[in-house]
Amino acid sequence: MGRIGCCDVEGLRKGAWTAEEDKKLLAYIQEHGEGGWRSLPDKAGLKRCGKSCRLRWANYLRPGIKRGKFSAEEEHKIIELHAVLGNR
Numbered sequence: 001m002g003r004i005g006c007c008d009v010e011g012l013r014k015g016a017w018t019a020e021e022d023k024k025l026l027a028y029i030q031e032h033g034e035g036g037w038r039s040l041p042d043k044a045g046l047k048r049c050g051k052s053c054r055l056r057w058a059n060y061l062r063p064g065i066k067r068g069k070f071s072a073e074e075e076h077k078i079i080e081l082h083a084v085l086g087n088r
């Protein structure tokens, strides 16, 4: 017997997030802070699993996420570290 995955529970939404869901998640985290991901969906009124909420926050909604190309400095640092560490 195996466990049911968190996102395989009946009635949970899958797929693309809506703007309304993003607003609910942002509002909840701004008021209550990060953490408690398992109970967050019920408290925030979302039909998602806690893991999905955590990943949405960490990968798309969290302030300070940098998107786009590496800067020249970042690229230089990567090349420099690769020369020292090599492929691992």
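If you read the sequence shown in UniProt numbering, its first letter stands for residue 1, the second for the next number, and so on.
Note that the Cβ used here is the ideal one computed from N, Cα and C, for glycine as well.
State the Cα-Cα distance for the pair residue i and residue j, rounded to the nearest angstrom.
| i | j | result |
| --- | --- | --- |
| K18 | R48 | Residue identity check: residue 18 is Thr in the sequence provided, not Lys. If I take the Cα positions, the gap works out to 12 Å. |
| P63 | Q30 | 11 Å |
| H32 | H82 | 41 Å |
| S39 | E80 | 44 Å |
| R67 | C53 | 20 Å |
| K51 | G11 | 15 Å |
| E36 | L55 | Residue identity differs from the one stated: residue 36 is Gly in this sequence, not Glu. Cα to Cα, G36 sits roughly 13 Å from L55. |
| E21 | K69 | 28 Å |
Label residue i either buried or exposed according to how many other C-beta atoms from any shown protein chain fall within 10 Å of its C-beta, with 16 as the threshold for buried.
| i | result |
| --- | --- |
| Y28 | buried |
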